[in-house]
Amino acid sequence: MDKGLQSEGNKLNVQDLIERNKQKTTFGQRIEKVIPWFLLLCAIISVLTTVGILFTLLRESIGFFSNVSIIDFYTGTSWSPWSGEYGVAPLIGGTLLITLIATVVAVPLGLMSAIFLSEYANDKVRRVIKPILEVLAGIPTVVYGYFALTFVTPMFQSIIPDLGIFNALSGGFVVGIMIIPMVASLSEDAMNSVPNALREGAYGLGATKLEVVYKVVLPAALSGIVASIVLAISRAIGETMIVTIAAGATPNLTFDPTESIQTMTAFIVQAATGDTTFGSTIYYSLYAVGMTLFVFTLGMNLLAQYISRKFREEY
Amino acid sequence: ACGGSGDDASGDEGNSESSGSEGSSTEESGEEVAGPIAIDGSSTVYPIMENLTFSYREEAPEVETSLNSSGSGGGFKKSTKGEIDLSNASREIKEEEKKQAEENGVQLEPLELAYDGLSVTVSAKNDFVENLTIEQLRQIFLESSDAEMWSDINPDWPEEQIEIFAPGHDSGTFDYFNEVVLEENPMKEGENTTLSEDDNTLVRGIENNPNAIGFFGYAYYAANKDSLKVLGISEGDAEPVKPTGETIQDGSYTPLSRPLFTYVNVEAYKNKPQVRDFVEYTLNNAGKAAEEVGYVALPEEKYQEQLDKAKSWAE
Amino acid sequence: MLGQNEEGIKKRMEGRVLKNKIMAGLFFLATSVGLIFLVLLFYRVLTQGIGYLNWNYLTSGPAPYPEEAGIWVGMIGSIMLMAIVAIFSVIIGVASAIYLEEYASQNKFTEFIRVNISNLAGVPSIVFGLLGLTFFVYIFNFGYTLIAGGLTMALLILPVIVVASQEALRSVPIDLHQASLGMGATKWQTIARVILPAALPGILTGTIIALSRAIGETAPLIIVGAATAIYTLPDSLLAKYTAMPIQIYNWTARPQEEWQFVAGAGIIILLAVLLLMNSIAVLIRNKFQQRL
Amino acid sequence: MTKISEETQETRTGGLTSKPVVDRKDKQQKRESKNVMQVEDLNLWYGSNQALYEINMDVPEKRVTAIIGPSGCGKSTFIKTLNRMVEMVPIVKTSGSIKYRDQDIFNGNFKQEYLRTKVGMVFQSPNPFPKSVYDNVAYGPRVHGIKKKEVLDEIVEKSLKDAAIWDELKDRLDANAYGLSGGQQQRVCIARALAVEPDVILMDEPTSSLDPISTSKVEELVQELKKKYSIIIVTHNMQQAARISDKTAFFLNGELVEFAETDDLFQNPQDKRTEDYITGRFG
Amino acid sequence: MTKISEETQETRTGGLTSKPVVDRKDKQQKRESKNVMQVEDLNLWYGSNQALYEINMDVPEKRVTAIIGPSGCGKSTFIKTLNRMVEMVPIVKTSGSIKYRDQDIFNGNFKQEYLRTKVGMVFQSPNPFPKSVYDNVAYGPRVHGIKKKEVLDEIVEKSLKDAAIWDELKDRLDANAYGLSGGQQQRVCIARALAVEPDVILMDEPTSSLDPISTSKVEELVQELKKKYSIIIVTHNMQQAARISDKTAFFLNGELVEFAETDDLFQNPQDKRTEDYITGRFG
Ligand SMILES: Nc1ncnc2c1ncn2[C@@H]1O[C@H](COP(=O)(O)OP(=O)(O)OP(=O)(O)O)[C@@H](O)[C@H]1O
Ligand SMILES: Nc1ncnc2c1ncn2[C@@H]1O[C@H](COP(=O)(O)OP(=O)(O)OP(=O)(O)O)[C@@H](O)[C@H]1O
Ligand SMILES: [Mg+2]
Ligand SMILES: [Mg+2]
Ligand SMILES: O=P([O-])([O-])[O-]
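Residue numbers (the numbering used here), protein chains in the order written: chain A, 1191 to 1505; chain B, 151 to 465; chain C, 254 to 545; chain D, 470 to 752; chain E, 470 to 752.
Take a look at the structure:
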């Protein structure tokens, strides 16, 4: 330790520092003061975005609701805007039908995948399969739309011969495939964060893997799982291109999945791409539909957040 | 892409014309024309315009054309505000659109590009319909009619739901049909009707469903002769006529023959050399382009007339 | 055990173990469904598109004839669009994240911003399209131009970037914070010199993932008016443009079969770009993550 | 993991490590009581990292066997091998044999689940399920197919009584086990283990996260339990080992250095390393 | 947080806790050497939870002061208060006063950043920045505006020499500090703290994550450093406190129970609780 402190007698840097410090203070302090405001400004942009969305949707919707009664809009069952019938139910019905089919596809498959990945697959398998599965969520939705129209629909047609080319079934099915990884990945995360001690406790009593999954892991991860499902559903509600391409453009209040339907999103695309005259009631109606869609997904997102916050600290 | 019997002849015509146009554009502009041209509007006219803008690049590589297809109404929505230079239309401009243009200080002038026979088609899988009368068309498409099944139109036909695929209500094609067939009475809407601004959606929908019927520009039929069956149309007791190059040009396909337009923003024509150049190019080549994509060219002198008319705008 | 004899337990055990095995098989099968569809999708796209994929396809723009059509203009349009998106969303997103993680105190307002951001992340992209149409196209009067499309997309992925950056910042060990502050560094010095560099890999990864979502988005671009047929590359922020997904959408919508192949080729390119972006993200993650 | 029994025979030859000074004491022991488990030439690897070396050890019936040793010496690994919980780590490989009442536990026909109902386990930190006290204790019996309410009630009561916590909790059976104190939670976990009436109970530092009072309660309980069960308890508290165990095994670096009657081991260690450890010269 | 100095005067009155048996020894101390820091009536709360009670303590110049006490007694909290790092936790409130060379550190005019250049800190586990060794050591000077390469070179060399790691690392200054061993990292962190030439160095269990060899290196270094710096070191290793410190403070439940010359404290504790602790009766 004789090597320590061998250099004595150098000029003291500290005094140097302090002097410089004092010279710099004005500039340095100014930066230090300005930066938080700049950062706050940036953070506020996201709030402004929400305000902007609300402004956009509300402004035009108000225009719409001054022509069409809001009651007729939400209680009417026929959507024939060119004949002046603005009952949004068929569009909501179409959206719900797609969402329902997608949920029926994605939730069991996603959950089972999550269980497989989290409890049965070894680490290597998980590390390979999980990202591959996640690729499903990253594929552009036009590609899915194309796939639904040119592959899935013909495939279903060979089973259900009188299935139309545009139908809710293949659209919903493919939306379901697309959201599988959302359910699988987020649920897997939730299951993974169940402490191993709980699993050990159950294994130590002679439980099989399946019993551990059902009676320990799933209940403990329930909030995360439910939140993942709600988020996936919200994604299905807002999905646009797949249904625009594959599910048709027929506002149809039906729960028959073989029929052509129109979702809220598909109507917005249809109406916004030029099929309407600026300022006409139909033009405004697309914002009223957008508003309804926004409220739907907002509700789902808030619900998901509520669930995951409320039940977070359970174990 | 579109093998028609008239191809050879029109090809020759086209060649001679395009060499003429090369001459004209070089002698007039002298220097290279450059700058953007924005085109939007009718999806019926879209294939002609796509063909023209594509070949125009060789002529004037510095000109940046951008082309969209939002339907005739969608095009006018933008052109009456002066947002675009050329507004394609499969119908004439409406009074309210004209008024809107005036309010915005925009002057729009029509140019006829080709003839179209609005084609009423069913799927090639349909083995019962061959011809329809105008009266029967009304039965099928009018909201006020009770006909739901094919058997309601003709007792020999099967008792199957009629599925309608029609262009969106603001499209020129719909307007034209509305005017001459439906006589401005509302068309059926709702569960069995698919409205789409995208003619290809209509083609796909019809070709897959033996009980479907719909209508669109002749080019879309011409491109899908294998999977679609075009119907002969008769007025009163006359012989049914199917749309072909000849019947459209000689006017025997009636009443569904119609001209196709592009509306030029005169201001842009005056001030933008590239617009002027492109308009001339268009009038010199529209006939060939129309034939190539499956429409019918106007008589040669008609293009020359319009060219002179256009030149007069600049003065 | 009480209420059951040894033999009963052993017998039941057989059944329980068997049930577990069967379910394990079922779980695996369920996982395969997703994978199978992925393979099918790739197979389908490849077999349809590969025939049309050649140098000419890569270097030419849209055309009325399938053999002459190409992805070049769409691809460059997409790349330029992404550049705009990246610049805006990264600056605003990272700044927001720094504010929320390092400066904001725990109050109602901060909580409101947080909730707001997670909600924005769930708003359908088409609604962002409507926002872009109203604000960027009309109110700011950019028209149907590159900048309008870029800003719309930037807002769309902003929440993703904020959340990813927040996580990256949060994962910087508090140790490093303390070490820097303990030297007498100011807050901003600590952030700029220590925390941001340490969080950079996470931020980059999140950004690339967000961008790879944006590059495939179609609906908002349709709404804010990307062009269908355009032959020249955008030469300014206020130029018209098109993008890969728009081209693909347009091609798939055409009824002639050849166009499906053209679309297939476009999808191959789009997926290749996507995979490239994702592998870069994975590389960054792997390279830096062992460190901290 | 299922290939373990095959490997068993082959890898057994290796005898790199010196035989521990175990046999002397152990033989005395054998005469006194029956053995419930027998470990022979056990080696264990985490991947390529060997964690246990040639362990030979007989676990006596209805007695308390303590396992001591410095951190990382393999205590937890060893007892988790006894009910094959160690195999939850996928990279684990073992060789050698372990017999439970003369059955080879690595034999393919010997169900892991069955082994674990016979060889129960209590963990370092209490790990009740996030359920009611009742459901926690009834978990094991239910898994094994007992559904009748009366039977379950009886099992729960008996187990809680055996775990010396019935009086404290009999009115709160429906309360979530997470609301209990650490000591109560640990005793509920013990009750949960008792509910399937195991033969052997493994305890891995069961008191290390408890306060002194809870600790002494659990220690007393262990003394009670050995009347009915064979107990193996890992502890790094030598005083605790001395207080409650009949036999003690000292592990060091994955080797079983010494295994003897507790009093002998503490008062008269045979191995220099044991002596160093119990006199606090390292660890 | 900036309101602390205002609160100081008001809250000072509270004297709930008994005065520690500090003064006797402390007064002796004062006569022997100057004090670099003086803590008076310090109370500290995390929210409503009081973590420090009425601490009074003088830190002598150029000596090593050790702080011992069981886990959670407030050792870390206390030394982090000395350079106001504790205020990184937003809910912290303090009362009382701390003087650094007779300036009140809670005074609004006394810049936190300045205090921290004077009162440097070394943490429990080595926390180098993920940068090169050079950049780590040069960090402090750069932050304070020193940019000249030659000056920085000199500072880096000198600091690494003072931290007794120059010879080991002089050829690897560009290597990332994360590639170093734990002991080397810790000495780089010490060098980093030395580079701004602080007056006082706070060390919070600086060896607890190190192996014995690295530990003894750091201990030797501390002995060296006290020639130039005043050092306060938290440790839960009593042997270490005895080996390296001149004075020792014993904390318990947030109170300073006893503060005396190290030898006195260990051989002749005045307080029963101190005695219990150092003889290992609890903790
Ligand atoms: N899951 C694992 N993967 C790899 N190595 C492991 C794993 N668990 C333990 N080890 C290694 O096996 C050795 C023995 O660990 P074990 O946990 O059995 O020690 P221990 O005696 O129980 O220590 P402690 O008193 O700290 O609990 C250690 O060197 C440890 O690093
Ligand atoms: N960030 C915090 N928020 C709230 N309470 C805290 C916080 N940090 C510490 N405490 C509380 O303050 C008390 C003293 O903690 P401190 O970390 O100072 O103890 P310590 O003596 O350093 O213990 P150790 O030896 O474990 O490091 C403890 O009761 C602790 O729970
Ligand atoms: Mg252990
Ligand atoms: Mg501490
Ligand atoms: O697109 P249209 O030609 O029908 O207006």
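Even for Gly, the Cβ is constructed at its ideal location relative to N, Cα and C.
Pro449/B and Ser205/B have their C-alpha atoms roughly 21 Å apart.
Taken in chain order, the members of the segment 1388-1414 of chain A whose beta-carbon sits within less than 8 Å of a beta-carbon on chain D are Leu1388, Arg1389, Glu1390, Gly1391, Ala1392, Tyr1393, Gly1394, Leu1395, Gly1396, Ala1397, Thr1398, Glu1401, Lys1405, Val1406, Pro1409 and Ala1410. For ligand 5, residues qualifying as neighbours are Ser192/B, Ser193/B, Thr194/B, Gly221/B, Ser222/B, Ser240/B, Pro317/B, Ser321/B, Gly322/B and Thr323/B, where qualification means a beta carbon closer than 5 Å to at least one of its heavy atoms (chain order).
Relative to ligand 1, the beta carbon of Lys544/D is positioned inside 6 Å of a heavy atom. Around Lys275/B, the same chain offers Pro360 as residues with beta carbons nearer than 6 Å, after the five sequence neighbours per side are excluded.
If only uninterrupted alpha helix (DSSP H) runs of at least 4 residues are considered, those enclosed by the segment 1380-1441 of chain A are 1386-1393, 1399-1402, 1408-1428 and 1431-1436.
Restricted to the segment 350-417 of chain C, not a single beta strand (DSSP E) segment is unbroken, complete and at least 3 residues in length. At a cut-off of 7 Å between C-beta atoms, Ile1350/A does not count as an interface residue with respect to chain C.
Cys658/D is a Cβ neighbour of Pro597/D, given a cutoff of 7 Å. Residues of chain D with a Cβ closer than 8 Å to the Cβ of Ile262/C are, in chain order, Tyr583, Thr586, His613 and Gly614.
Segment contact: the segment 258-268 of chain C against the segment 1271-1289 of chain A, fewer than three CB-CB distances shorter than 8 Å; contact not assigned. Distances from the CA of Leu513/D to each of Lys562/D, Gly538/D and Met506/D were compared; the closest alpha carbon is that of Lys562/D. At the C-beta level, Thr717/E and Leu734/E come within 7 Å of one another. Within the same chain, and ignoring the five residues on either side of Gly1428/A in sequence, the residues whose Cβ sits closer than 6 Å to its Cβ are Thr1487. When the beta-carbon positions are compared, Glu364/C and Leu422/C stay at least 7 Å from each other.
DSSP places Pro539/D outside both helix and strand once states are collapsed to three, so it counts as coil. Straight-line measurement puts the Cα of Gly302/C at about 14 Å from the Cα of Gln500/C. Checking the DSSP bridge columns, you'll see Met672/D partnered with Val591/D and Ile702/D. In this structure, Glu1401/A keeps its C-beta atom at 7 Å or more from the C-beta atom of Val620/D. By the Cβ rule, the segment 722-740 of chain E does not count as touching the segment 552-566 of chain E, because fewer than three pairs are nearer than 8 Å.
Contact residues of the segment 1263-1274 of chain A toward chain B are Ser1268, Ser1270, Trp1272 and Ser1273 (C-beta to C-beta distance below 7 Å). Excluding residues up to 5 positions away in sequence, Arg661, Ala664 and Val665 lie with their Cβ nearer than 7 Å to the Cβ of Gly609/E in the same chain. For Phe575/E, the three-state secondary structure derived from DSSP is coil. For Glu347/B, there are no neighbours in chain C by C-beta distance under 7 Å, as the nearest C-beta there is about 11 Å away. Just so you know, the alpha carbons of Arg585/D and Ile262/C end up roughly 13 Å apart. Taking a Cβ-Cβ threshold of 7 Å, none of the residues of chain D is close to Met276/C; the smallest such distance is about 15 Å. Within the chosen limit of 6 Å, ligand 1 reaches the beta carbon of Val558/D through at least one heavy atom. Restricting attention to Glu214/B, Ser237/B, Val331/B and Thr343/B, the CA atom closest to the CA of Leu268/B is found in Val331/B. Cβ-Cβ distances below 6 Å link Glu309/B to Met299 and Ser301 in the same chain, with the five nearest sequence neighbours on each side left out; the list follows chain order.
Judged by DSSP secondary structure, Ala460/B falls within the alpha helix (DSSP H) whose first and last residues are Glu450 to Trp463. Short of 7 Å from the beta carbon of Leu679/E, and not among the five residues preceding or following it, lie these beta carbons of its own chain, in chain order: Gly651, Gly652, Gln655 and Val687.
Thr534/D is a Cβ neighbour of Ile701/D, given a cutoff of 7 Å. For the segment 405-424 of chain B, no residue has a beta-carbon sitting nearer than 8 Å to a beta-carbon of chain C. By the neighbour-count definition (other C-beta atoms within 10 Å, threshold 16), Lys1399/A is a buried residue.
Across the structure, Ile1225/A and Gly1218/A are spaced so that their CA atoms are roughly 11 Å apart. Each residue's CA atom was taken as its position, placing Tyr419/B and Pro412/C some 45 Å apart.
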